[in-house]
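Visitor: Let me begin by handing over the structure; questions about it come next.
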Ligand SMILES: Cc1cc2nc3c(=O)[nH]c(=O)nc-3n(C[C@H](O)[C@H](O)[C@H](O)COP(=O)(O)O)c2cc1C
């Protein structure tokens with residue numbers, strides 16, 4: 010089973026998780042980035058990103074290489090922004106509607122609120138009822154915990 014992990018990460022938690030999953034599942038990693046980076050410091054970070062997520066914006070992405078035909082399974086990783094998935098992921102899904110035909114799983118990093126809502130919104134946006142597996146972690150790069158490793162293992166095992 011050939012797997013692609015597509016993720017966006019502003020401050021490294023989602024990247025950290027994507028790399029752990031990729032190692033366990035021997036998956037390709039595709040990091041996406043908006044052309045215009047969101048502010049990543051101070052109050053602006055929450056205001057700009059939060060507004061963009063609430064408005065359902067689809068920021069233009071930097072060029073990325075992703076050939077849907079190559080993969081049987083897609084795993085999408087995103088931070089939670091204002092109880093939603095991050096806008097660059099919205100653009101990716103919009104540009105790759107065929108992912109709904111594949112096996113699909115998702116993981117999200119957040120600080121403690123709104124991940125369940127964000128999961129529901131992402132399923133709806135992709136046009137599916139459920140993910141093959143879901144993983145939600147609280148800022149895993151900042152708080153390294155053995156329970157996070159157990160959750161990552163369980164997520165990967167569900168996909169083996
Ligand atoms: C614009 C913005 C909005 C956020 N909104 C939420 C939120 O609604 N709920 C939450 O628990 N954390 C929220 N966070 C915190 C991030 O989801 C969390 O720190 C996550 O681990 C960051 O992932 P990253 O390091 O991959 O960017 C927000 C962060 C940003 C920048």
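Residue numbers (the numbering used here): 10 to 169. Even glycine gets a Cβ: it sits at the ideal position worked out from N, Cα and C. This structure is a prediction, so every number in the text was calculated from the model and none was measured.
Would you mind giving the Cβ-Cβ distance between residue 165 and residue 34, rounded to the nearest angstrom? I have them listed as a contact below 8 Å.
Guide: So it is a contact: roughly 6 Å between Cβ atoms.
Visitor: With a floor of 3 residues, list each beta strand (DSSP E) that falls wholly inside the region 106-154, ordered by position along the chain.
Guide: Complete beta strand (DSSP E) runs here, min 3: 112-119 and 143-147.
Visitor: Would you give the residue range spanned by the alpha helix (DSSP H) that residue 44 belongs to?
Guide: Here residue 44 belongs to no alpha helix (DSSP H), and DSSP marks it neither H nor E.
Visitor: Can you check the region 48-94 for any alpha helix (DSSP H) of at least 4 residues that lies completely inside it and give the ranges in chain order?
Guide: Segments of the alpha helix (DSSP H) lying fully in the region 48-94: 51-63.
Visitor: Check the C-beta distance from residue 13 over to residue 83 and give it rounded, since I have them as a contact under 8 Å.
Guide: Going by Cβ atoms, the distance from residue 13 to residue 83 rounds to 6 Å, so yes, they are a contact pair.
Visitor: To the nearest angstrom, how far is the alpha carbon of residue 56 from that of residue 26?
Guide: In a straight line, the C-alpha of residue 56 is about 25 Å away from that of residue 26.
Visitor: Cβ of residue 193 within 8 Å of any heavy atom in ligand 1?
Guide: No statement about residue 193 is possible, as the shown extent of the chain runs from 10 to 169 and does not include it.
Visitor: Are there 16 or more other CB atoms within 10 angstroms of the CB of residue 48, so buried, or fewer, so exposed?
Guide: Exposed, since its Cβ has fewer than 16 Cβ neighbours within 10 Å.
Visitor: Locate the beta strand (DSSP E) running through residue 13, then write down its first and last residues.
Guide: Here the beta strand (DSSP E) through residue 13 covers 12-16.
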